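For the sequence shown, this note's numbering begins at 8 and goes up steadily by one. Cβ atoms here follow ideal geometry from the backbone N, Cα and C, with glycine treated the same way. Since we're looking at a predicted model, the values are computed, not measured. Here the structure comes first, spelled out in structure tokens, and everything after it is commentary.
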Amino acid sequence: MLVQSSPQDVACPALNEGLEEVCAAGCRDMAGALVFALARLAEADERPVLMAVTGAWRSESGRPYSPGFRTSGIEKRARGLILTAAPTEAEALWVMEQSLRSGAVSAVLGTIE
């Protein structure tokens with residue numbers, strides 16, 4: 008069996024290892040999307056998870072409700088959640104990029120429109 012790589016695979020082979028997109032239909036669904044995303048992460052990786060949001064998103068959706076993580080079974084994974092609020096989407100993207108480059112986080116979650 009011959010497997011060929013696409014140009015995207017060659018340019019960025021790490022995308023095959025774990026790029027996922029989780030979208031919430033609206034503000035009411037954000038908690039479910041966050042729990043789903045955190046549940047997908049490997050618990051063996053002890054590094055924290057970064058969540059980059061914009062100030063506008065935080066004003067509309069609020070902060071994650073940490074007691075809710077206990078009831079959803081992802082308390083251990085959520086314990087290492089770092090929440091950052093950037094003034095603009097461009098700055099939130101910059102925070103996400105720098106976090107991934109550093110290797111200090113196991114995953115990055117972003118709330119970009």
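### Message
What would DSSP say about residue 44, mapped onto helix, strand or coil?
### Response
In this structure, residue 44 counts as helix in the three-state DSSP scheme.
### Message
For a test of the three-state rule: what should DSSP assign to residue 39, helix, strand or coil?
### Response
Helix, per DSSP.
### Query
Taking residue 102 as the reference, which of 113, 88 and 117 has the closest Cα?
For the residues 113, 88 and 117, the minimum Cα distance to residue 102 belongs to 117.
### Query
What three-state label does DSSP hand residue 117 in the structure shown?
The answer is strand: DSSP assigns residue 117 an E or B state.
### Query
Expressed to the nearest angstrom, what Euclidean distance is found between the alpha-carbon atoms of residue 22 and residue 28?
Bear in mind that the predicted position of residue 22 carries a pLDDT of just 46, short of 50, making it too unreliable to give a figure here.
### Query
When DSSP labels each residue in this structure, what does residue 56 get in the three-state scheme?
DSSP places residue 56 in strand when its eight states are reduced to three.
### Message
Within a Cβ cutoff of 8 Å, which residues of the same chain sit near residue 104, ignoring the five residues on either side of it in sequence?
### Response
Within the same chain, residue 104 has no close Cβ partners at all.
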